[in-house]
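Top to bottom, those sequences are chains A and B.
Mapped onto my numbering, the consecutive letters of the first sequence carry residue numbers 3 to 506.
Mapped onto my numbering, the consecutive letters of the second sequence carry residue numbers 28 to 513.
Accompanying notes for the structure given below.
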Amino acid sequence: MTRALLFLLSVLTGLASFGAQAAPTSADRVGETNAPVVRVNVTNQPYDFFRPWSKKPPTSKRGLGILIRPDRILVTAQLVADATYLEFERAGSGEKTAAVVDVVDYEANLALLKPVQPDFLHDLQPIGLTLAKVGDSVTIWQLEPTGAILKTSALLTTVEITTYPSDNIALLVYRMTSSLQYRDGSFVLPAIKDGKLVGMLMRYDPRSQNLDVIPAPVIEHFLKAAEGATYKGFPRAGIQFSPMRDPQLRRHAGLGEDEKDQGVYITEVSEDGSGEKAGLEPGDVLLSVDGIPVDQDGNYPDPDFGKVSIAHLVTTRHQTGDVLKTGIMRDKQRQMLDVALLYRPPAMENVPPYVIDTPPDYYILGGLVLQELTGQYLREWGNEWQNQAPQRLVYYARYFDEVFGEGRGKLVLLSQVLPSSDTIGYEQLRYLLVTKINDREIHGLGDVAAAVKHPIDGFHKIEFSDDPKVIYLDAKEIEANAPTLQKNYGLPGLRSGLDVPAGR
Amino acid sequence: MTLSAALLLGAVFWPSPGRAAVPEGIHQSLVRIELTAQEPNYKVPWNPGSVAQASGSGFVVAGDQILTNAHVVSNARFLSVTREGDPKRYVAAVKFVAHDSDLAILQVADAEFFKNTVALELGDIPTIESTVSVYGYPIGGERPSVTRGVVSRIDFQNYSHSGMDAHLIIQIDAAINPGNSGGPVLQDGKLVGVAFQGYSGDVAQNTGYMIPVPVVQRFLKDVEDGRYDRYMDLAITTWPLQNPAQRRALGLKDDDRGIMVSSVSTAGPAHGILEEGDVLMAINGLPIASDGFVEIEGQRLQMTEVVERLFKGDVISFDLLRKNEPQKVKVTLDRAWPYLMQANRYEVEPRYVVFGGLVFQPLSRDFLEANPTEDLRVRYFYDFYIADELYKERPEVVVVSSILADPLNSYLDFAQFGIVDKVNGVKIQTLQQFYDEVHKKAEDYVIDLLGNARPIVLERQAVEGARERIKSRYNITREANLEDKR
């Protein structure tokens, strides 16, 4: 009880600090010209994971960013993903300046941008953050071509935890309904209440008129993490759980009257995650987190939003490094474990869920194009990639731990073959998992670079988990033919990171 | 694009103008077959399946027997045959059926039927562009029909009846329509094929397929001992050796010979004899080209055609290179069972177990057709059952196919399409084993599914208490069927 109260107090303190940073203005009094917003014009050019040496055609996007800190504009990360050029445009004057990304988190779908021209935003006051509750009416801001702000009201209908666009994290979302007009070709817009920011719009479905807003608590967490020397984003417990309403399962797990309405069944504990390091195991029943009881559906009573998933408690209420006293039931015995919350950058995952802003790594060996399996590669099959992409690769990505166990490292694929005299008969090979090159195990493209230095009797021996199992290339011949191959196919280099400058 | 078997389903009336006169002789060989079939129900496996009528064609062969397609007589509950000039409908029965090559032999108890019939003589593989005539009882009228065309292509192709087999096939441009199935294709009065499948008109025009004589002959020979043993299968995969570097690395000359063994199924006859990486140079003395073709009787055919023509127990010899050393090995032919999981099956009853209102069925092609799912794990276990040799660990993949809602299983929705891993700690490899485990006396039945899911816990008392209720509510006539056959 005391703990819950302290918790509540800390939240209130947090809110007070929002207030201190914001100009004490209400929505009605936000002047059209000094509203703390800029139009953000973005040119995006994603990498082509099917042709990892090149980029796709550039596209343009626009969104409405909001001044959240001095000289820092907040937008969604999706807006600036793979951006090659960013520009701020002032609402009233139409004055423009180039901008750059300061901090970006593709999981939380948030980005802080700063102008290249230092005083570009100096006359604007940063906006504060505020909470909203179900039933609240908020205002979505859009920009008219004249620079006037078009305000549309939206009703907050649901607060829940849902998967964010990166697909690998579930965070709090405000669900609202509103009939927004189409402006500027995007729905990256701020949602305002009482002159303060409630959240950033990240999804809008014109048909159902439902919109998803990244709420203030997620933004606050992001801003706090952005202050750190190295960005450590949203921590996670590294577990999956299943609800435990089934009385037969409850009895089986040894739950009794003492645990009435409590407990979820831990089904999965990720390799090297916070949960695994703390000693959590699949089959444990999670009873409480940070002293707060977890109900049978995995929810806890949040002081601001009522019942929400403990995912919110762990990822957003807490920061990386916090230690949570966690109550479990194992073999019908209650136990307490200390779970130290970790943040794992997505690139550290065995199959990174996304690769944005960095060029895909590749290695072309005599026309064999080798790449690491990433979620970004699978997404090249379009929105239906889960059904369209090669089944085996989707299966590997989804059930990596189950298929490979621990310590497998990255998966290297033969993604395609560039036909040449060296690859006669190999043209149709694709989507094959490379297990060994020259008898050396391959757990990443780095291993490829090392293994090709050791041909066997003048041949590179490449082994796959699937048919044809093994093929060979003549080491000397492919070296001799490399310049021709590179020229024929217009390749900037035969491998990433070395011949090609990496990153922007 | 799917090939459809040319079976005439249901009574279709299609007014037709005059048709070409049928030559005299063929009247005495041609047979019309009427079938009442019952399709098994893999969705509600305790229900008898729906009954449908269909008709097809057939012809008399030596020994007072009728040859037709397997798909004309599959899942038959009642068969009758008629012939030109005899108004009587004769009751027929299936004597032999080959679902892998879509052929069947019928017998008629009443010897009267074969009076004045003429058995068709078997011919050869007709040459490309030569003319053939197709006889049968296709859609469009009641009397026999003939269509004529040329031989367009001789190829190795899929047989849609089983969905898993590929054998020699001859494509002709004569129309083959529903009802033609099982009918003879003649050239110079001799049988050159059995009409059996085609594309629907909106996919491809003038493409009909017939089963050529070697496949028919093989069937007739196989059943000589009184039973059908199916096609034999080396159950290996091979890789053409056309890449110069690969050839040199494997110690081969630049002579376009040899293919590499990529995998050897542990369930096949070559297991323990052939090895991954072996280079096959000759099969039964016939040199194997680097693209996997051999020359048989003047024709370039895939190496598997040698196996296609042989029988259970026949021995095949391979000349091979293993780690650069020439060797000779012999493989005694047999079939490989795992392939049946991905094949359409006939004359078999769905196997299942109902326990606690959950229906458990082994994964199979028939199962998936009745219970389509996008569940990634189920799809993987089906698609890669053979390639990844999943059958080694689980000869049968037992799936929760449906949940018959009851208070007992209110919280088990997550289990739909789950694959059973263990029951009370015992790994489940067959449906029979699953049945045995859930019929052992235990307090709780803990069913673990593959992957990270919470277990299904069913308390014995609760299961017993709900049993009659579920049975009567869902009209379950039988709680389990563990046998293939009726």
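Built from N, CA and C at the ideal position, the CB exists for glycine as well.
Remember, it's a predicted structure, so these values are computed and weren't measured experimentally.
Taking the alpha helix (DSSP H) that residue i falls in, what are its first and last residues?
i	result
residue 83 of chain B	Per DSSP, residue 83 of chain B belongs to no alpha helix (DSSP H); it is in the beta strand (DSSP E), 78–88.
residue 397 of chain A	393–400
residue 380 of chain A	377–381
residue 408 of chain B	403–410
residue 334 of chain A	Where residue 334 of chain A is concerned, there is no enclosing alpha helix (DSSP H), given that its DSSP letter is neither H nor E.
residue 278 of chain B	Run containing residue 278 of chain B: none; DSSP gives neither H nor E here.
Distance check for residue j and residue i, CA to CA, integer angstroms please.
i	j	result
residue 43 of chain A	residue 91 of chain A	7 Å
residue 69 of chain B	residue 236 of chain B	30 Å
residue 184 of chain B	residue 130 of chain B	16 Å
residue 50 of chain A	residue 360 of chain A	11 Å
residue 154 of chain B	residue 179 of chain B	9 Å
residue 258 of chain B	residue 223 of chain B	18 Å
residue 122 of chain B	residue 410 of chain B	34 Å
residue 26 of chain A	residue 344 of chain A	Interpretation of residue 26 of chain A is limited by its pLDDT of 35, a score under 50 that renders its predicted location unreliable; no figure is taken from the coordinates.
residue 357 of chain B	residue 339 of chain B	14 Å
residue 91 of chain B	residue 141 of chain B	6 Å
residue 426 of chain B	residue 447 of chain B	6 Å
residue 315 of chain B	residue 355 of chain B	14 Å
residue 376 of chain B	residue 103 of chain B	13 Å
residue 198 of chain A	residue 207 of chain A	24 Å
Check this for me: beta carbons of residue i and residue j, under 8 Å apart or not?
i	j	result
residue 295 of chain A	residue 264 of chain A	yes
residue 241 of chain B	residue 336 of chain B	yes
residue 365 of chain B	residue 413 of chain B	yes
residue 392 of chain A	residue 433 of chain A	yes
residue 190 of chain A	residue 318 of chain A	no
residue 321 of chain A	residue 237 of chain A	yes
residue 471 of chain B	residue 486 of chain B	yes
residue 244 of chain B	residue 157 of chain B	no
residue 64 of chain A	residue 188 of chain A	yes
residue 458 of chain B	residue 510 of chain B	no
residue 523 of chain A	residue 354 of chain A	Nothing can be reported for residue 523 of chain A: it is not among the residues displayed for chain A, which extend from 3 to 506.
residue 171 of chain B	residue 57 of chain B	yes
residue 101 of chain A	residue 118 of chain A	yes
residue 382 of chain B	residue 473 of chain B	no
If I follow the unbroken beta strand (DSSP E) through residue i, where does it start and stop?
i	result
residue 233 of chain B	No beta strand (DSSP E) holds residue 233 of chain B; DSSP gives it neither H nor E.
residue 357 of chain B	352–359
residue 122 of chain A	No beta strand (DSSP E) contains residue 122 of chain A, which DSSP labels as neither H nor E.
residue 176 of chain B	172–186
residue 476 of chain A	472–476
residue 198 of chain B	192–199
residue 225 of chain B	217–225
residue 143 of chain A	139–145
residue 104 of chain A	98–107
residue 346 of chain B	342–349
Applying a beta-carbon distance threshold of less than 8 Å, which residues of chain A neighbour residue i?
i	result
residue 290 of chain B	469 and 471
residue 441 of chain B	244
residue 400 of chain B	Within 8 Å Cβ-Cβ: nothing; residue 400 of chain B doesn't reach chain A, min ~12 Å.
residue 414 of chain B	468 and 469
residue 507 of chain B	The premise fails here: residue 507 of chain B is roughly 22 Å from chain A at the closest Cβ pair, so nothing lies under 8 Å.
Quick one: list the residues of chain B neighbouring residue i, beta-carbon separation under 9 Å, in chain order.
i	result
residue 288 of chain A	Simply none; closest approach about 12 Å.
residue 254 of chain A	471, 473, 482, 484 and 486
Along chain B, in chain order, which residues have C-beta atoms closer than 8 Å to that of residue i?
i	result
residue 427 of chain A	267, 268, 269, 270 and 273
residue 479 of chain A	272
residue 389 of chain A	401
Please list, in chain order, the chain A residues whose beta carbon lies closer than 7 Å to that of residue i.
i	result
residue 489 of chain B	250
residue 479 of chain B	242, 269, 270 and 284
residue 406 of chain B	393
In chain B, what lies closer than 7 Å to residue i by C-beta?
i	result
residue 475 of chain A	272
residue 397 of chain A	403 and 407
If we require 3 or more residues per run, which beta strand (DSSP E) segments fall completely within the stretch 459–483 of chain B? 471–476
In the stretch 307–331 of chain B, which residue ranges form an unbroken beta strand (DSSP E) of at least 3 residues, counting only runs that do not cross its ends? 320–323 and 326–329
Whole beta strand (DSSP E) runs in the stretch 421–498 of chain A with 3 or more residues, listed along the chain? 434–439, 461–466 and 472–476
Taking only runs that begin and end inside the stretch 278–326 of chain A, name each unbroken alpha helix (DSSP H) of 4 or more residues, in chain order. 312–317
Give the list of continuous beta strand (DSSP E) stretches no shorter than 3 residues that lie fully inside the stretch 194–230 of chain A. 198–207 and 212–217
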